[in-house]
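So the sequence shown is numbered by full-length UniProt numbering: it starts at 1 and just counts up by one.
The next block holds one structure in the form of structure tokens; read it before the comments.
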Amino acid sequence: MSGWNVIVIGGGHAGLEAAWAAAKFSRVALLIGNPATVGRMPCNPAVGGPGKSQLVFELQAMGGLMGRLADETAIHTRVLNASKGPAVQSLRVQNERDAYAERAQDVIFGHPNIDILRGEAADLESDGQGGWLVVTTDGRRLAARSVVVAAGTFMRGVTWYGRQSRAEGRQGEPPSRFLSAPLARAGHVLKRFKTGTPPRVRADAVNFSELLEIPADPNPRGFTGTPGPRAAESPTWQTHTTAETHRLIHENIHESPMYAGDIEGLGPRYCPSIEDKVVRFAHHDRHLLFVEPDGVQTSEVYLQGFSSSLPPHLQDALVRTLPGFEQAVIQRYAYAVEYDVVDSLELTLNLESKLMPGVFTAGQINGTSGYEEAAAQGLIAGTAAARRAGGEAEQFIGRETGYIGVLLDELVFKGSNEPYRMMTSRVEHRLLVRQDNADERMTPIGHALGLVDAAEVARVEAKYARVQAGIDALTAQRAQGQTGDAWLRRPEFTLPDVEALGVTLPDLSAAEREAVEIRVKYAGYIRRAEIQLRAEDRSRDLSLGGVDFTAIASLSNEAREKLTRLQPQTVEQASRISGVRHADISALLVHLKGLGVSRET
């Protein structure tokens, strides 16, 4: 078959979501070098975590795939930051690595609207009529109205094991040799990024009795609301580096291709290699490491936090300095990978190239790191590509909608000079866009985009009608002279405590009870955040003309320097500048208020 509406290049987490989303509109082709690698988890076998689980909950609410795959193959789930407020709580799901890829392939290969094509993309050519031709290395010319490039770390990919390198997209897989050229030919600025992965160690060679065991939560959670059947089946563990680990790294740092100057790519600041941690944070005498199983009956474990590009013989020695790993046998060595990325400032909010209309990019090709960031981009790019191919009106997701909106906004308006990672700290109004209310916020958006059907919208609306009924029941009943909601706002009280006083609630699910508790306990904070958001919306057009940024002491040094140099004319323009954070915008608004400024441009 030929003439697809959308062709997706790449079968990683971005490509999966792009194909899945686009297939809801029309027939799609997924072009992949080796179909057996579709859905592979090349790094840690887990989904979620701070800032990332919020992305997955939003994906799920919009009709995405990742949450479903994660839940179905979960072997360990845990809510992180459970003792903190709901704005920063996050779900992390450990997965059966191979089962995740197998399940992804079952879903994608069995989809009636997705055709799997094996091959390597060699070129992208305009068809002269608003569409594109994907030219493969074997000479095929595949026609499509839109193309999504989800090439991951494969574009001119090079892996490093010490000072030795080879052309690979990741361990043992050939790179994408030619895709960089048509992007550069169109005028895209290509940057060189670097990331890495830890060694995988034989599980039967680890002394787990020496490790700190971290059990799964006894009542497992899931992104879909239905945790998988094995979601509490396995623990994870912790170990740590030692003085001997640090000594070996310092003595052999010249063997690192990054420190030797062999690698030109920019690496992730928030997920550095073990050698980078030891050198940059020399005042720490140990670094925590997380030991994660690749499955319940796995033959290997993943050393989260021990990413390295040192040569294999050094990795053997380093791993054996860790408690519990004295007899360790490495099955797959750590490596660094260097690859091309596009400058995300050259994309629209729908991740469409401004220089190649109809070509969309998603995932690590846009300079991000992480499965979750890639999947979120894949859903957006695949949806927009399909809507464009079908002649439907373009719709954008704004920053205020949640984590996906923040991700898109920061990539497109601020860009990144290192692999971008989503964190809760990047989201100004995180109390309003929690993981627990993702369905309420994002399901209507998914429906408007054509990803979610009306029945699902009705289900979500009915859920929150029940939540409101629960809140109303609390406010209408009194116990010992106080209303139920007043009792619940006490820090030491939970819903069962309030019910023990004689207050009754309608029949609610566990998720609905949690929603009631959060909304009542944090009502004052939520109301304050909503007022602040409305105030900021009204302030976007305030003029900054004539403002002396050097005189605002509460600005960060980076913001002061960039605002002085770039001279934005409005608060909106200032907020788009990389390095100017939400706290800096708040400082600007306080300064303007002190000047009595209320004018708009």
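Ideal placement from N, C-alpha and C gives every residue a C-beta, glycine not left out.
### Task
Note down, in chain order, each residue of its chain lying with its Cβ closer than 7 Å to the Cβ of Thr197, except the 5 sequence neighbours on either side.
Pro42, Cys43, Ser307, Ala334 and Tyr335
Just to confirm, is the Cβ distance from Gln377 to Ala14 under 8 Å?
yes
Quick one, are the C-beta atoms of Ala386 and Phe57 less than 8 Å apart? no
query: Helix, strand or coil: how does DSSP classify Ser165 here?
result: strand
(message) Measuring alpha carbon to alpha carbon, tell me which residue in Ala74, Gly85 and Pro112 is nearest Arg103.
(response) Ala74
- Message: Out of Leu488, Leu542, Val498 and Ser543, which one is the CA nearest neighbour of Gly524?
- Response: Leu488
_If we require 4 or more residues per run, which alpha helix (DSSP H) segments fall completely within the stretch 34-84?_
52-61 and 66-72
Quiz prompt | Straight-line gap, Ala553 to Asp584 (C-alpha atoms, nearest Å) | solution = 10 Å
Residue range of the unbroken alpha helix (DSSP H) whose run includes Gly382 = Tyr371 to Ala389
TODO: Starting from Glu210, follow the beta strand (DSSP E) in both directions and report where the run begins and ends.
DONE: From DSSP, Glu210 is part of no beta strand (DSSP E); its letter is neither H nor E.
My guess is that Gly169 and Thr153 are in contact by the Cβ rule of under 8 Å, so how many angstroms apart are they, rounded? 6 Å
>> Among Leu30, Arg221, Ser146 and Glu517, whose alpha-carbon lies nearest the alpha-carbon of Gly110?
In response: Leu30
| query | If you scan the stretch 254-330 from start to end, which runs of the alpha helix (DSSP H) of 4 or more residues do you find wholly inside it? | reply | 274-280 and 312-319
Select from Ala122, Glu275 and Ala82 the residue whose C-alpha is nearest the C-alpha of Pro175. Ala122
Practice task
Use the C-beta contact count for Glu600: other C-beta atoms within 10 angstroms, 16 or more gives buried, fewer gives exposed.
Solution key: Note that Glu600 scores a pLDDT of 44, beneath 50, so its modelled location is shaky and nothing firm can be said.
**Study point:** DSSP-derived helix/strand/coil call for Ile552
**Key:** coil
If I follow the unbroken alpha helix (DSSP H) through Asp106, where does it start and stop? Arg97 to Phe109
>> Tell me the DSSP secondary structure of Ile9 in three-state form.
In response: strand
- Item | Of the listed residues Lys24, Asn81, Ser83 and Val291, nearest to Pro45 (C-alpha basis) | Val291
Inset, instruction - Grab the span of the alpha helix (DSSP H) containing His188 for me, first residue to last. - result: No alpha helix (DSSP H) contains His188, which DSSP labels as neither H nor E.
Are Val406 and Lys194 touching if we call contact CB-CB under 8 Å?
no
Closest to Gly64 by CA distance: which of Arg78, Leu563, His591 and Val107 is it?
Val107
As a quick exercise: from Pro506, Asp537 and Gln164, pick the residue whose alpha carbon is nearest that of Leu474. Pro506
State yes or no: is the C-beta of Ala203 nearer than 7 Å to some heavy atom of the ligand GDP? Looking at this structure, you won't find the ligand GDP or any other ligand, since it has none at all.
Going by DSSP, what residue range makes up the beta strand (DSSP E) through Ser146? Arg141 to Val149
- Query: What three-state label does DSSP hand Phe360 in the structure shown?
  - Reply: strand
If we ignore side chains and look at the alpha-carbon of each, how far apart do Val201 and Asp436 end up? 36 Å
Cα-Cα separation, Arg581 to Arg434
20 Å
Residue environment, Ser180, which counts as buried when at least 16 other CB atoms sit within 10 Å:
buried
query: Since Ser146 and Arg527 are thought to touch, with beta carbons under 8 Å apart, how far apart are those beta carbons, to the nearest angstrom?
result: Between Arg527 and Ser146 the Cβ distance is about 43 Å, and since that is not below 8 Å, they are no contact.
In three-state DSSP terms, what is Tyr522? coil
_Does Ala479 come out as helix, strand or coil in the three-state DSSP assignment?_
strand
Who does Ile114 pair with in a DSSP beta bridge? Val28
Checklist entry - Rounded to a whole number of angstroms, what is the C-alpha to C-alpha distance between Thr401 and Arg320? => result 47 Å
Check your understanding: Alpha carbon to alpha carbon, what distance is there between Leu16 and Asp409?
Key -> 22 Å
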